[in-house]
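Notes follow once the structure below has been shown.
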Amino acid sequence: MTSDSNAVSAPAAGGNSLSQLADLVRNGAIFILLVLLMIGFTLAQPAFIGINNLMSILQAVAVVAILGAGVTISMAVGGFDLSVGAVAASSVMAASYAMIVWRLDALLTVPLVLAFGATIGIINSFLIVRLRIPDMLATLAMMFLLTGLQLIPTAGRSISTGLILADGSTALGKYDPLFLTIGRSSIGGLVPVPVILTLIVAALLYVLTEHTRIGRLLFATGGNELATRLAGASTARLKVIAYVLSATLASLGGIVVAARVGRGDVSSGSSLMMDAVAASLIGFTVLGLRRPNVFGTAVGAVFVGVLLNGLTMLNAPYYTQDFVKGAVLVGALAMTYGFGRARS
Amino acid sequence: MSLLSFRNVAKAFGSTQALASASLDIDAGEIVALMGSNGAGKSTLVKILSGVIEADAGDIRFKGRSFAPRTPAEAAAAGVVTVHQSTGVVGIPGLTVADSLLLDRYADKAVPLFLSRRSVREQARVIVAEAGFDLPLERDFGDLSAADRQLVAIARAIGHRAELIILDEPTASLSGSEAARLYGILKGLAARGIAILYISHRLADLEALANRVEVLRGGRVAGSFRRPIDFDAAVETMIGRPLAAAHPDARHASGAAVLSLRNIRLLPHSRPFDLDLYAGEVVAVTGVLGAGKSRLLTGIFGHGRFASGEMRVDGKPYAPRHPTDAIAAGVVMAGEDRHRSSLMPAGWPGEAVRSTISLPHLPRWFPSGFLLGNRETVEGARAISRLGIRAASPAASIWSLSGGNQQKTVIARWEAEPSRVLLLDEPFQGVDLGARQDIIAAIRANTERATLIATSDPEEAAEVADRVVVLDGHSAIPSAPASTDAIQDLAS
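Quick mapping for you: the protein sequence lines, in order, are chains Y and H. Last residue of the first sequence: 346 in the working numbering, with the numbers rising by one and none dropped. Last residue of the second sequence: 496 in the working numbering, with the numbers rising by one and none dropped.
Here it is in structure tokens:
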């Protein structure tokens with residue numbers, strides 16, 4: 003229902019089959035590229051297309067897709083949540099601290115960490131909605147704050163069993179095995195749990211943003227805040243919803259990371275923010291929507307994952323990864339804004 | 005020889021002849037007021053004199069020499085400075101008044117790169133002394149009142165050795181006492197030989213200041229009035245016909261008021277007034293820019309607050325804190341400038357005609373929260389046929405529609421569900437005559453509801469409404485129904 007622009011542009015552009023083809027290429031460009039990439043990688047390295055490798059790609063992008071979905075929602079309300087990476091990283095620390103120092107089990111740790119994320123979301127939205135700090139600055143500041151905060155409880159040390167605390171005692175708790183299944187097990191020995199989790203999250207958020215009235219109002223807030231307010235909706239509340247969702251999703255991403263790594267590593271999640279933002283922005287090109295959309299974000303995350311995995315299999319050095327991601331992002335943005343504008 | 009001679013000047017924008025052979029003379033030390041309704045060519049004339057646009061034809065001489073500035077800076081260098089209505093552009097919040105006074109000198113390459121605080125203050129003091137009034141030089145420009153900002157602009161004009169100062173609706177946002185201070189300052193400038201061209205609709209301004217009133221209509225000077233000025237004749241010249249009679253099918257209000265306002269003060273110090281709207285009635289509120297029309301409408305809609313006063317809807321107390329409250333009570337508003345106040349950007353979810361209509365009604369139409377079913381499309385199709393909206397389908401983008409059809413869609417939004425009071429702020433901006441008739445017919449078809457239309461065009465007000473209320477200085481002028489009195493007031 004929300005893809006009105008597509009529904010209209012198809013018949014409106016009719017008559018000129020060449021321009022229709024051009025539209026098709028533009029809207030499907032990322033899928034065409036994806037297929038070409040996969041064919042190329044398979045030809046060069048047949049192991050690429052193996053089911054285990056494909057699953058490992060999906061496992062690798064799961065966290066980025068979850069965080070990217072959060073960024074996408076913040077973009078829908080016209081904002082930009084830059085704190086997702088830091089929220090995820092501090093959630094890793096929070097989960098580890100809860101289990102190793104406080105000796106909590108998985109059933110307590112997970113809700114606790116999600117509540118931590120939601121609290122950050124509430125603080126973010128307080129800064130943005132009540133104090134009217136521009137969203138990018140508010141979440142950038144929150145990013146710095148959390149990056150520093152996560153170091154304080156352990157005096158900058160990573161958290162694992164045997165951690166010596168500030169008071170000299172030793173933390174003897176350990177990761178709950180149940181918690182570790184979130185990151186390390188797979189369904190039927192094939193589909194990793196994080197992939198399932200990501201699919202569920204992506205499906206729920208897709209329905210929320212594209213097919214519910216809340217979703218319509220979230221986008222309306224980002225599209226024209228004054229018009230949304232004058233239509234009787236509380237744009238403040240909608241922004242709170244968006245930022246709380248975004249931060250809660252980021253802490254869910256942090257839980258997945260913690261459950262995979264099995265320790266509270268101070269450097270975990272350093273690249274998550276950039277990756278999540280890149281996935282959301284690449285998502286703009288998907289279907290030629292030129293706007294934030296959850297489906298596109300998931301596709302964007304997979305696209306980057308396929309590219310990195312394939313290049314790694316071709317023995318491209320690890321230090322080229324950031325460059326590749328950056329190049330894809332620049333290309334996607336050029337396609338969205340540069341060539342997309344020619345149409346309108 | 006006059007200071008400025010403006011002879012047979014013409015200017016067209018596409019097929020619109022904004023100025024057609026307009027002629028005007030101004031002598032040194034003279035205060036000339038320029039009147040004219042919307043589209044009469046006032047702003048075109050001002051823009052030509054201030055170097056924003058160039059004339060197509062005609063002869064302009066300033067101090068006997070040919071005058072054709074290509075930029076505002078050139079005009080200022082020649083001695084013609086314009087003080088615009090929006091004084092926000094004069095300075096920059098965060099800079100002091102002294103800096104704001106010297107802002108254009110900073111941009112001058114001849115000024116040394118390094119400025120000491122003292123030299124800035126010194127230069128600013130010289131300018132203010134020359135202007136002959138006082139300004140708080142060390143204050144932040146952002147903290148100044150609109151009146152003081154205007155004085156900064158005037159002082160800067162004096163600093164430029166201006167010989168002709170053009171003021172565009174200078175009192176629109178000023179209180180009575182601020183305006184009186186401005187009159188004094190302007191008279192002082194005129195006594196020193198500075199000519200002033202003054203654009204205003206306020207009779208009070210013209211009475212207090214003008215040596216002469218020039219009336220523009222249809223791009224030419226239709227009349228010139230010297231002191232003592234016959235304002236009735238000037239207004240008749242301005243609107244181009246004898247003052248109009250009442251609306252032909254005017255309805256007479258009866259029964260209880262749907263909306264009643266009591267002792268409303270739009271601003272803390274404005275005069276309180278009352279207003280009643282009755283079912284089936286279309287009331288227009290008019291007045292110059294800044295008279296408080298939008299403030300009145302947004303206050304009723306809960307998007308702004310009145311300084312004081314009480315409202316009732318159908319006799320029940322009504323005090324909206326947010327548009328949500330207003331809509332719940334059946335008070336709805338289509339804001340000024342539909343692009344800003346009502347529409348989603350192109351390519352964004354909610355840009356379709358049907359989604360434009362459904363935006364405020366989503367909770368009622370989709371109680372489950374999921375956008376399932378075809379309620380939106382059905383309502384969109386109904387609106388398209390009822391208002392004659394020219395759109396390919398309810399799913400068509402609002403941006404594929406003409407201005408008039410966009411406006412019809414915005415009106416259709418508030419026709420889709422019953423309401424008690426419909427507020428329309430400048431609903432006919434960029435709307436052609438045909439669409440305007442359709443919209444008026446649709447509004448009048450509903451006899452259960454009261455409609456309040458804000459418009460700055462007095463002729464439009466008289467045309468669409470049963471009754472016209474005139475706002476001046478944030479208060480309603482007590483007046484009869486759409487009669488000659490009212491029209492005279494609103495032309496002011």
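Ideal Cβ placement from N, Cα and C applies to all residues, glycine included. On a predicted model such as this, the values are computed, not experimentally measured, just so you know.
- A233/Y: not part of any alpha helix (DSSP H); DSSP gives it neither H nor E.
- Secondary structure of E218/H (DSSP, three-state): strand.
- Shown here for P140/H: same chain residues with a beta carbon closer than 7 Å to its own, the five before and five after excluded, namely V101 in chain order.
- Scanning L148/Y, A238/Y and L251/Y for the CA closest to the CA of L206/Y turns up L251/Y.
- At a C-beta separation below 8 Å, H307/H has these neighbours in chain Y: R231 and L232.
- Residues of chain Y whose Cβ lies closer than 8 Å to the Cβ of S6/H do not exist, since the nearest Cβ in that chain is about 48 Å away.
- For T299/Y, the nearest beta carbon of chain H is not closer than 8 Å to its own beta carbon.
- Within the same chain, and ignoring the five residues on either side of I30/H in sequence, the residues whose Cβ sits closer than 7 Å to its Cβ are S6, L7, L8, V36, L168, A199 and L201.
- Under DSSP, the beta-bridge partners assigned to T172/Y are I166/Y.
- For R218/Y, the nearest beta carbon of chain H is closer than 8 Å to its own beta carbon.
- Judged by DSSP secondary structure, Q21/H falls outside any alpha helix (DSSP H) and instead within the beta strand (DSSP E) spanning T20 to I30.
- Look at G33/H here: in three-state DSSP terms it is coil, with no helix or strand label.
- In the displayed model, Y320/Y falls within a helix according to three-state DSSP.
- Beta-bridge pairing by DSSP links Y202/H to A37/H and L171/H.
- By the CB criterion at 8 Å, A323/H and L271/H fall outside the cutoff.
- Assigned with DSSP and collapsed to three states, M40/Y falls in helix.
- In the DSSP secondary-structure assignment, Y322/H is not bridged to any residue.
- Taking the Cα positions, T121/Y is about 42 Å away from Q410/H.
- Under the three-state reduction of DSSP, K15/H is assigned to strand.
- For Y177/Y, there is no enclosing alpha helix (DSSP H), as DSSP gives it neither H nor E.
- The beta carbon of G264/Y is closer than 7 Å to those of Y177 and L182 in its chain, skipping five residues each way along the sequence.
- K241/Y sits close to G81/Y, with the two beta carbons spaced by under 8 Å.
- Taking a C-beta distance under 8 Å as the contact criterion, I68/Y and G255/Y qualify as a contact pair.
- With fewer than 16 other CB atoms across the displayed protein chains lying within 10 angstroms of its CB, W104/Y is exposed.
- Taking 9 Å as the upper bound on Cβ-Cβ separation, chain H lies near no residue of the stretch 257-287 of chain Y.
- Chain order gives the chain H residues near L228/Y as G339, R344 and S345, where near means a beta carbon separation below 8 Å.
- When rounded, the separation of the alpha-carbon atoms in S93/Y and F297/Y is 25 Å.
- Taking the beta carbon of F221/Y as reference, the chain H residues within 7 Å of it are W352, P353 and G354, listed in sequence order.
- In this structure A458/H is buried. Its beta-carbon is surrounded by 16 or more other beta-carbon atoms within 10 angstroms.
- Inclusion of V288/Y and V301/Y in the CB contact set at 8 Å is warranted, their separation being smaller than that value.
- Residue-level contact check: G225/Y touches chain H, since one or more beta carbons of chain H fall below 8 Å from its beta carbon.
- Residue nearest to R239/Y within the set Q152/Y, S273/Y, I130/Y and L26/Y is I130/Y (criterion: CA-CA distance).
- With distances taken between CA atoms, M337/H lies nearest to E430/H out of E430/H, M315/H, V382/H and A261/H.
- For P327/H, a Cβ of chain Y is located within less than 8 Å of the residue's own Cβ.
- Counted as a single uninterrupted DSSP element, the beta strand (DSSP E) harbouring A454/H occupies residues A454 to T459.
- Inter-segment contact for the stretch 133-143 of chain Y and the stretch 189-209 of chain Y is absent: fewer than three beta-carbon pairs are separated by less than 8 Å.
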